[in-house]
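There are 2 protein chains.
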Amino acid sequence: MATHDFLESAAALLGQRGFTRDPQLVTPWLTDWRGRYTGRALALASPADTQEVAALVKLCAEHRVPLVPQGGNSGMCGGATPDETGAAILLSLRRMNAIRRLDPAAREAVCEAGVILQTLHEAAAADGLRFPLTLGGKGSATIGGLISTNAGGTQVLRHGSMRAQVLGIEAVLADGSVFDALTPLKKDNRGFDLKQLLIGSEGTLGIVTAATLRLLPALADRAVIWAGLGSVADAPKLLAHAETVAGDALEGFELMPRHSLEAVLAHSPLARNPLGQDHAWHVLIELVADKARADALPALAQDLLESAFAQGLVEDATIAANEAQAEAFWLLRDEIAPAERALGPAVQHDISVPVAAMARFIEETSPEVEARFPGTRVIAFGHLGDGNVHYHVLAPNGAVPGEWEKNEGKEISAVVHDLVTAWHGSISAEHGIGQLKRDELARLSDPVQINLMRAVKLALDPKGLLNPGKLVPLAPVAANP
Amino acid sequence: MATHDFLESAAALLGQRGFTRDPQLVTPWLTDWRGRYTGRALALASPADTQEVAALVKLCAEHRVPLVPQGGNSGMCGGATPDETGAAILLSLRRMNAIRRLDPAAREAVCEAGVILQTLHEAAAADGLRFPLTLGGKGSATIGGLISTNAGGTQVLRHGSMRAQVLGIEAVLADGSVFDALTPLKKDNRGFDLKQLLIGSEGTLGIVTAATLRLLPALADRAVIWAGLGSVADAPKLLAHAETVAGDALEGFELMPRHSLEAVLAHSPLARNPLGQDHAWHVLIELVADKARADALPALAQDLLESAFAQGLVEDATIAANEAQAEAFWLLRDEIAPAERALGPAVQHDISVPVAAMARFIEETSPEVEARFPGTRVIAFGHLGDGNVHYHVLAPNGAVPGEWEKNEGKEISAVVHDLVTAWHGSISAEHGIGQLKRDELARLSDPVQINLMRAVKLALDPKGLLNPGKLVPLAPVAANP
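If you read the sequences in order, they're chains E and P.
Residue 452 in the numbering used here sits at position 452 of the first sequence, and the numbers go up by one each step.
Residue 384 in the numbering used here sits at position 384 of the second sequence, and the numbers go up by one each step.
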């Protein structure tokens, strides 16, 4: 039996530590962390190095066994969960967790795919450096997963998403060959930039096994401002003003509505309202400085605050007096998701529109959605500086958790995604497509783009063995006449 | 006759302004500006808009007529010159020269492919903004050409190459469909970032017709430092120090050897040596500031200078006292190429290695090359901050211009490219591949990368009609066992 031969060969290749079919060891990784998807797998493979990954992929290609790569299993869209057929190998990269090299002079780290984000943060900090991307799941998210999903976070405004941090890549392609583009060259014009294809492709074009990442000087200080605004329309004006005044010192610009602040104040015993009065909207601004620029930071924050007042961009605002207060301001932002969850069921969307259009998008579409689904309430919060908000539609009072999302979720999401598409936005700003949004991607995308995506997928993975069923819509889409 | 039908249809489609076979109009564009390549063409097509490009490409696909896209015809590698068969249409994008939109608030410009770089500079300046990429050919280079070659220049250190300036793209694909990804989204994770494939692909995967480009606040001031160094090994130390002290204010870091300075002083009547003594190497450092940061710039430059002295990184250095002097410093850099040309024949290379390795690369390989080709002299100058220098091998005294390059050029370049490859560098840092370096690319690249490139090319241009013979090696390459 072909499967039997394959399993024997794979087990021999990877050894006891690298290959298991023990349900106790495999099962925990077959459900995504949000509990939305559960799949089955032939086995769990955990190769120790790139050569083992390459040999396994080659073996899978020979036996036509699909592979589902997985990092920290903390993705938002089921991109690392196998389907229910049980035909696939679950390929964990977690054992490949070495930082192969950290070069403080060149400010580069070569990390294997399984390095956990927080581990990289700590290694960089030990050398007076930092890796300028962070997010809630930093304790589980791996470098390979972050690259495969082109992860975002709260520092994209200044530093870009994961794509901008990747200087070089090593990946195993569908035929088991190793694509080695690890050496970072600041300038290299030898044709197509193939590593860009792998970034954000969710393991459907190749398996990222290592990457060279850029590091920056460690931060010496930050100034965190909390501002109350009368209208969401003032937020982009404040953003533009902050960009002009603070330039590259501006690293965070997060938006939250009154409803979210109230929810956090009610939910978290540690939360305090930094301002005395009530405001319709709030903005958290973070300015940062490395050692060479730390002295100028307090004056810069003060300038920004005073000029924003003078121009009527804020109703009220305050600067965190110390690091403890800065953390308290950030707590208000970080606790929104759990606080909103505690209020009841919601259908969540990770969307973006052009930065300049986001305030109007929120103002104009929220009443539309609320009118279409009576009793619901739209809460939009997050990375306004990136044109990216988390757009949650809260259930009407009395809705039954679980039931309501199941009954209404799909229709609500379709309406939100239609609106985003009409505003030339993206139905996935930072979470990816995975299996969660694949059909919506097919429904809403320009057929030219979908067909191009499919052509690339067929070229790089002709047998369709790399993370099948994720991201890439199945059938060609008829182009508009 | 098929060609006759095709020509009739193309002429009818594009009209008199958009289609000509008049040799007086076509011939000037059949030779690249360096005069290295001359081709032939069926006709010169100059569509007025994207729809006309799409219709023409569709027509070409039906009749299997190849297309050679061309912008300002100022590329360095013959990438826009058709071959000698005369089978191809020369597709000029120069008529599509509208800036469709310039949005000062969003700091974005939507430019058609034929917009000349200098035109964009002027339009941005009129709104208090700037486009942060410039190069010698700015009076002829077009946005489409700059994107297709992922152009570099003197500001890459701070702002990245053309790829980093492109927020959105519109392109016509090989089947005549229009790929519309013009809307700039700061965050968008809907799968493969297909626009990245088009950037730097030299028209072999699609025809870029328009792009959304990022703009920055105009500069209010700059400080230009000229430094004399005892050894090239001090240059990367000075660079690291400048990055630490000046951070994002550092926009230029150009290296030149004594020989180049002497050549410029002898060649250009306007050139003056900024320093009294003689130094083995020189560095030009440019610091910049927008309005919000201009006040702090003089002190920053002074700090940098003094701390560099204190650390022994420079033998001598001076800050330009005014803008005229700043221009005089830059003249020394900009005149290197003509001054070296005036000295006699040379074989030129546009190469990169990892930034940290460049000084050692120059030190170690120059004597190797000079020993291998007696009487030659290696001159390396340029963008040290990008790990990219122009590596010129000057002919021995008495060499006959034209003859010598013809006889020796290929072997010299092969040796230089072998060395670059051994140092994990790139044989094309910023000029692209075109027809000039295609065979060297095939010879020196990892077969895995070449085969991947070919797979992508076949997927996107199955009939091989887009800029045939450029960039992509012709035959599949056997992978190493």
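Yeah, the Cβ is synthetic: ideal placement off N, Cα and C, and Gly gets one too.
Because the structure is a prediction, the values reported are computed rather than measured.
Residue burial annotation: E440(P) is buried, with at least 16 other C-beta atoms found within 10 angstroms of its C-beta. Per DSSP, the unbroken alpha helix (DSSP H) holding C60(P) starts and ends at 50-63.
Secondary structure at G312(E): coil, using DSSP grouped into helix, strand and coil. Note that the C-beta distance between L471(E) and G425(E) is not below 8 Å. In terms of beta-carbon proximity, N407(E) stays away from the interface with chain P, with every pair separated by 8 Å or more. The way I'd put it, the stretch 206-217 of chain E does touch the stretch 120-136 of chain E; three or more beta-carbon pairs between them come closer than 8 Å. Chain P has no Cβ within less than 8 Å of the Cβ of L284(E). Chain E places a beta carbon closer than 8 Å to that of P354(P), counting this residue as a contact. Of all residues in the stretch 201-221 of chain P, those with a C-beta nearer than 8 Å to a C-beta of chain E are S201, E202, L205, P217, reading in chain order. In the DSSP assignment, the residues bridged to C111(E) are I99(E), A211(E).
Taking F19(E) as the centre and dropping the five residues before and after it, the same chain places the C-beta of A10, A11, A43, A45 closer than 7 Å to its C-beta, in chain order.
H424, G425, S426, I427, S428, A429, E430, H431, G432, I433: these are the residues of the stretch 417-436 of chain P whose beta carbon lies less than 8 Å from some beta carbon of chain E, given in chain order. A residue is called buried once 16 or more other Cβ atoms fall within 10 Å of its Cβ, and K437(P) is buried on that count. Classified as exposed, H4(E) has fewer than 16 neighbouring CB atoms from the shown chains inside 10 Å of its CB. Nearest C-alpha to S231(E) among E286(E), E262(E), E315(E), P354(E): E315(E). When the Cα atoms are used, G176(P) and L67(P) turn out to be separated by approximately 12 Å.
Contact of D446(P) with chain E is assigned, a C-beta pair being separated by under 8 Å.
In the DSSP annotation of this structure, D439(P) is not part of any beta strand (DSSP E); the continuous alpha helix (DSSP H) holding it starts and ends at 438-444.
At least one CB of chain E lies nearer than 8 Å to the CB of R190(P).
Annotation: A292(E) to S307(P) spans about 12 Å, alpha carbon to alpha carbon. The Cβ-Cβ distance between L182(E) and E108(E) does not fall below 8 Å.
Chain-order list of chain E residues neighbouring P184(P): P354, by C-beta distance under 7 Å. Membership of L284(E) in the beta strand (DSSP E) is indicated by the continuous run 281-290. The residue among G191(E), V224(E), G128(E), E112(E) with its C-alpha nearest the C-alpha of V172(E) is E112(E). Distance from the CA atom of D188(P) to the CA atom of G344(P), rounded to whole angstroms, is 51 Å. A Cβ-Cβ distance of about 4 Å is found for the pair N467(E) and G203(E), placing them in contact under the 8 Å criterion. DSSP places W226(P) in no alpha helix (DSSP H) but in the uninterrupted beta strand (DSSP E) bounded by 219-229.
Chain P places a beta carbon closer than 8 Å to that of T244(E), counting this residue as a contact. Contact residues of the stretch 139-153 of chain P toward chain E are T149, N150, G152 (C-beta to C-beta distance below 7 Å). Look at the stretch 384-396 of chain P: the residues with a C-beta under 9 Å from a C-beta of chain E are G385, D386, G387, N388. In the structure shown, V353(P) adopts coil according to DSSP, grouped into three states. Exposed is the label assigned to D278(P), since fewer than 16 other Cβ atoms lie within 10 Å of its Cβ.
Counting only residues of its own chain and dropping the five nearest sequence neighbours on each side, R64(P) has a CB closer than 8 Å to the CB of K463, L465. In the assembly as shown, A324(E) is an exposed residue. Its beta-carbon has fewer than 16 other beta-carbons within 10 Å.
Among the residues of chain P, none has a CB under 7 Å from the CB of G128(E); the nearest is roughly 11 Å distant. Spatial neighbours of R258(P) in its own chain (CB-CB distance under 6 Å, excluding positions within 5 residues in sequence) are listed in chain order as A280.
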